[in-house]
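**Q**
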Amino acid sequence: MPCIESYVRVDLRTVSFSVPPQEILTRDSVTVSVDAVVYYRIMNATVRLGIKTLAEILSDRDSIALTMQTLLDEATDSWGIKVERVEIKDVRLPLQLQRAMAAEAEATREARAKVIAAEGEQRASNSLKEAATMLADSPAALQLRFLQTLNSVAAEKNSTIIVIFKIKNFKFFKFLIF
């Protein structure tokens, strides 16, 4: 339906619920076994359906069960019935919704990983920029870095190194120039 995000189909027919046989003692001390059936139907589906989100249902089971117990206990007080406990055993999601939620979680993880990788690349880029600025400001540091690079390349086996020097940069070699 175009105006509704999602809907839940609710059966408005009368439904029966069998209560297991209960042995009780009457006022005149006779033990009897009572077998009962509860018939109920939903009169107004919009009163209680849809007041909780999926996250609330999954995380607040205890508070939902307590609310249900209170409402049921108030409704059955006049019958002499005390609702002692209500438990929500399981919340099952349709398979299609499980797949959609898993895909959404995977997309969220991938997006977060991309953000973390981008932040790391940005920090590395900033560090390289700072190093380049420091080397540009100091020609001696640049020359030292060049010599360190030559040393590490020379340490490798089977390396042939061809280095082209401008003689004017090496003033201490002047005595070799004719």
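Counting along the sequence shown from 1, when you hit position 127 you're at 127 in the UniProt record's numbering, and nothing is skipped either side. For each residue, glycine too, the CB sits at the ideal point set by N, CA and C. Predicted model only: the values in this text are computed from it and were never measured.
Within the continuous beta strand (DSSP E) that includes P21, where are the two ends?
**A** From DSSP, the beta strand (DSSP E) with P21 extends over 15-25.
**Q** May I ask you to report which of helix, strand or coil DSSP gives A75?
**A** Three-state DSSP puts A75 in a helix.
**Q** What does the alpha-carbon distance come out to for the pair M101 and K89?
**A** Taking the straight line joining both Cα atoms gives about 21 angstroms.
**Q** Which of the three DSSP states is assigned to T70 in this structure?
**A** Here T70 sits in helix by DSSP.
**Q** Do V34 and S16 have their CB atoms nearer than 8 angstroms?
**A** No; because the gap between Cβ atoms is not below 8 angstroms, this pair is not in contact.
**Q** Measuring CB atoms only, is the segment 61-74 touching the segment 82-96, in the sense that at least three cross pairs come out at less than 8 angstroms?
**A** As far as the Cβ criterion goes, the segment 61-74 touches the segment 82-96, which means the pair count is three or higher.
**Q** Residues in the same chain with beta-carbon distance under 8 angstroms from F178, minus the five sequence neighbours each way, listed in chain order, please.
**A** Reliability of the predicted coordinates at F178 is poor, the pLDDT of 47 falling under 50, and the value obtained from them is presented with this limitation in mind. Excluding residues within five positions, none has a Cβ falling inside 8 angstroms.
**Q** Whole angstroms is fine: what's the gap from A154's alpha carbon to A131's?
**A** Going from the Cα of A154 to the Cα of A131 covers about 24 angstroms.
**Q** So, helix, strand or coil for S59, using DSSP?
**A** In the structure shown, S59 sits in a helix (DSSP, three-state: H, G or I).
**Q** Hey, would you say L135 sits closer than 8 angstroms to R123, going by beta carbons?
**A** Contact flag unset, no.
**Q** Helix, strand or coil: how does DSSP classify A36 here?
**A** In the structure shown, A36 sits in a strand (DSSP, three-state: E or B).
**Q** Cα separation between A75 and A118?
**A** Approximately 59 angstroms, taken between the alpha carbons.
**Q** In angstroms, rounded to a whole number, what distance separates the CA positions of D62 and I116?
**A** D62 and I116: Cα-Cα distance of roughly 37 angstroms.
**Q** Taking DSSP as the reference, what is the three-state secondary structure of T53?
**A** Three-state result, T53: coil.
**Q** Where does T31 fall in DSSP's three states?
**A** In this structure, T31 counts as strand in the three-state DSSP scheme.
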